[in-house]
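Just so we're aligned, residue 2 is where the sequence shown starts under this note's numbering, counting upward by one.
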Amino acid sequence: MKYVLVIPDGAADEPIAELGQRSPMAAAHTPTMDALASRGKVGLTNHVPPNLPPGSEVACMSLLGYDPLVYFTGRAPLEAAAKGISLGPDDWAVRCNLVTIREQIMEDFTAGHVSDEEAASLLVTAQTALHNPAWEFVPGVSYRNLLLWRGDHSPFANDSCTIPPHDLIDKSVVDSFPRGSGSRELTEIMSSSAEWFADHPVNVSRRASGKLPATHVWLWGLGRSPTLESFVSRYGINGTMITAVDLLRGLASLVGWKRREVVGATGYLDTDYAAKGRAAIDELRSSDFVCVHVEAPDEASHEGNVRAKVESLEKIDALIVSPLYEALHSMGDYRILICPDHPTFIRLKTHSRGDVPFLISGTGIPSTGATAYHETAAAGDSQRVTHGWHLMGEFLGRPLHLPQGSC
Numbered sequence: 002m003k004y005v006l007v008i009p010d011g012a013a014d015e016p017i018a019e020l021g022q023r024s025p026m027a028a029a030h031t032p033t034m035d036a037l038a039s040r041g042k043v044g045l046t047n048h049v050p051p052n053l054p055p056g057s058e059v060a061c062m063s064l065l066g067y068d069p070l071v072y073f074t075g076r077a078p079l080e081a082a083a084k085g086i087s088l089g090p091d092d093w094a095v096r097c098n099l100v101t102i103r104e105q106i107m108e109d110f111t112a113g114h115v116s117d118e119e120a121a122s123l124l125v126t127a128q129t130a131l132h133n134p135a136w137e138f139v140p141g142v143s144y145r146n147l148l149l150w151r152g153d154h155s156p157f158a159n160d161s162c163t164i165p166p167h168d169l170i171d172k173s174v175v176d177s178f179p180r181g182s183g184s185r186e187l188t189e190i191m192s193s194s195a196e197w198f199a200d201h202p203v204n205v206s207r208r209a210s211g212k213l214p215a216t217h218v219w220l221w222g223l224g225r226s227p228t229l230e231s232f233v234s235r236y237g238i239n240g241t242m243i244t245a246v247d248l249l250r251g252l253a254s255l256v257g258w259k260r261r262e263v264v265g266a267t268g269y270l271d272t273d274y275a276a277k278g279r280a281a282i283d284e285l286r287s288s289d290f291v292c293v294h295v296e297a298p299d300e301a302s303h304e305g306n307v308r309a310k311v312e313s314l315e316k317i318d319a320l321i322v323s324p325l326y327e328a329l330h331s332m333g334d335y336r337i338l339i340c341p342d343h344p345t346f347i348r349l350k351t352h353s354r355g356d357v358p359f360l361i362s363g364t365g366i367p368s369t370g371a372t373a374y375h376e377t378a379a380a381g382d383s384q385r386v387t388h389g390w391h392l393m394g395e396f397l398g399r400p401l402h403l404p405q406g407s408c
């Protein structure tokens, strides 16, 4: 049996007037996903427990079949794992966005999608300015970077609290700096970065080109390394992850999956959808489980771009799901699961907690009578998986391989 999981990140949304009171999923032309829905099961689930942040760090852990209430320790440690960074028991990782803040307003949580090279140059300056060997800036992909604390005497504890910058778009940041243990240290770095970056050559060049400058670092999502049992010991099968986002790369590494890098996969609207589809088909020749994660719908939502979100969903259908579906037919028995991790509302330009529609189709999955795949169709099909992390076991059709005495 071949298994495919497609994650259209942040795809779930609400009815939008511009789309005739339809959601982007309902408005998008997605004939292959609709066909799969008509032959399989469509329903609702929720990947974000009430007391955890409604982000991919929680929701994608749930999608892979791990209860985030048990395993989640923070976003940054997952991204550290993606880079092969080993965290000791006293080490902490902190997510470090490069952002644009002007007149105390969070104008852009991506600093205009600063390039990898520009980000690395800015962080070299930040590292030099810190004068503290316990802190280490680690460049990542574009605006997505890390700050590590190495060694004991960490300023952080379980009460350390931060706010993601994508929750602050077009809002004042004055009352949104870190709180709890370590807040003084983090706030000092965030505030000082304005001076470090003000006349940096990267920003001089970006301003001259009409691009947004990276005015600050924004620190959030901190935590220590989680301990996740391997996917194969948990479900009796192994897998391959295809993604352009470090968070998912890290999750894959921590559960023992292979990672397939794809040239042209950017983690943005301009990602090479077709290349991801081709890579997934290629991996299925040697792997029984392939996951394809696409960040584009989420990015479109953060930008408040209705048309871009619809187009991203149509490209996922045409260039990833459709060729995968065709290839699976030649490989014998198969199942495909399509499910967003969380809603990202265009109206709010940020993540939200709440239901997301799932679709399971393939061998051994009877039709439940749905005719399309979107939020309204899923609600009408009355199929519900109450705890999102249970969805993986239902998809695979096999129970968890829990150690004796586990619950």
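Just so you know, even glycine gets a beta-carbon here, dropped at the ideal spot from N, CA and C.
All values derive from a computational prediction rather than experimental measurement.
Start and end of the beta strand (DSSP E) containing Ala158?
-> Per DSSP, Ala158 lies in no beta strand (DSSP E) and is assigned neither H nor E.
Could you give the residue range of the beta strand (DSSP E) that holds Ala94?
-> DSSP places Ala94 inside the beta strand (DSSP E), whose first and last residues are 93-103.
Decide if the stretch 242-261 is in contact with the stretch 279-299; the criterion is three or more beta carbon pairs, one per stretch, under 8 Å apart.
-> Short answer: they touch.
Rounded straight-line distance, which links the Cα of Leu45 to that of Thr372 = Each residue's Cα considered, the two are about 15 Å apart.
Beta carbon of Ala1, beta carbon of Tyr274: below 9 Å?
-> With the chain represented from 2 up to 408, any question about residue 1 goes unanswered, as that position is not in the structure.
Pick helix, strand or coil for Asp356, following the three-state DSSP scheme.
-> If DSSP states are grouped into helix, strand and coil, Asp356 belongs with coil.
Can you tell me whether Glu300 is buried or exposed, with buried defined as 16 or more other CB within 10 angstroms of its CB?
-> Per the 10 Å Cβ criterion, buried.
Under the assumption that Arg385 contacts Gly363 (Cβ atoms under 8 Å), give the Cβ distance between them as a whole number of angstroms.
-> Distance from Arg385 to Gly363 at the Cβ level is roughly 20 Å; contact not present, criterion being Cβ atoms closer than 8 Å.
Apart from the five residues just before and just after Pro267, which ones in its own chain have a Cβ nearer than 6 Å to its Cβ?
-> Reading the sequence as shown, one finds Thr at residue 267 and not Pro. Close CB contacts of Thr267 within its chain, under the 6 Å cut and outside five residues either way in sequence, are with Ala245 (chain order).
Kindly indicate the opening and closing residues of the beta strand (DSSP E) around Glu137.
-> Per DSSP, Glu137 belongs to the beta strand (DSSP E) from 136-142.
Spell out the partners DSSP gives Phe346 in its beta bridges.
-> Thr351.
Cutoff 7 Å; reference Gly257; Cβ partners in own chain excluding five residues on either side | Around Gly257: Ser231, Phe232, Val233, Asn239.
Assign His30 to buried or exposed, taking buried as 16 or more other Cβ atoms, counted over all protein chains shown, within 10 Å of its Cβ.
-> Using a 10 angstroms sphere on the CB of His30, the tally of other CB atoms stays under 16, which defines it as exposed.
Going by DSSP, which residues form a beta bridge with Arg180?
-> Its beta-bridge partners are Cys162.
Tyr376, enclosing alpha helix (DSSP H) - first and last residue | The identity of residue 376 in the sequence shown is Glu, whereas the question assumes Tyr. For Glu376, the enclosing alpha helix (DSSP H) begins and ends at 376-381.
With a threshold of 16 other CB atoms inside 10 Å of the CB of Gly75, please say whether the residue is buried or exposed.
-> Answer is buried; the Cβ neighbour count reaches 16.
Rank Leu123, Gly113, Gly89 by C-alpha distance to the C-alpha of Ser210 and give the top, closest one.
-> Of Leu123, Gly113, Gly89, the residue nearest in Cα terms is Gly113.
Please confirm whether Ala18 and Asp356 have their CB atoms less than 9 Å apart.
-> No, these two residues do not count as a Cβ contact at 9 Å.
Do you know whose CA, among Pro32, Asp334, Glu304, lies nearest Ile347's CA?
-> Minimum Cα distance to Ile347 is reached at Glu304.
Residue ranges of each alpha helix (DSSP H) within the stretch 221-250, 4 or longer | Listed in chain order, they are 232-236.
Give, in chain order, every unbroken run of the alpha helix (DSSP H) that is at least 4 residues long and sits entirely within the stretch 16-76.
-> Correct list: 25-28, 32-40, 57-64, 69-72.
DSSP state of Pro90, grouped into three classes?
-> Correct three-state label for Pro90: coil.
Can you give the Cα-Cα distance for Pro344 and Pro227, rounded to whole angstroms?
-> Distance from the CA atom of Pro344 to the CA atom of Pro227, rounded to whole angstroms, is 25 Å.
Is it the case that the Cβ atoms of Gly66 and Met332 are separated by a distance below 9 Å?
-> Cβ atoms of Gly66 and Met332: not closer than 9 Å.
Counting Cβ pairs closer than 8 Å, one from the stretch 307-322 and one from the stretch 179-188, do we hit at least three?
-> With fewer than three CB-CB distances shorter than 8 Å, the stretch 307-322 does not count as touching the stretch 179-188.
Excluding the 5 residues preceding and the 5 following Gln405 in the sequence, name in chain order all residues of the same chain whose CB lies nearer than 6 Å to its CB.
-> Because Gln405 carries a pLDDT of 39, less than 50, the predicted location of this residue cannot be relied on, and the following value inherits that uncertainty. Within the same chain, and ignoring the five residues on either side of Gln405 in sequence, no residue has its Cβ closer than 6 Å to its Cβ.
What are the complete alpha helix (DSSP H) segments, minimum 4 residues, inside the stretch 104-134?
-> Taking only runs of at least 4 residues, the alpha helix (DSSP H) segments lying wholly in the stretch 104-134 are 117-131.
CA nearest to the CA of Ala121, picked from Val71, Ser368, Pro140 | The shortest C-alpha to C-alpha distance from Ala121 to any of Val71, Ser368, Pro140 is the one to Pro140.
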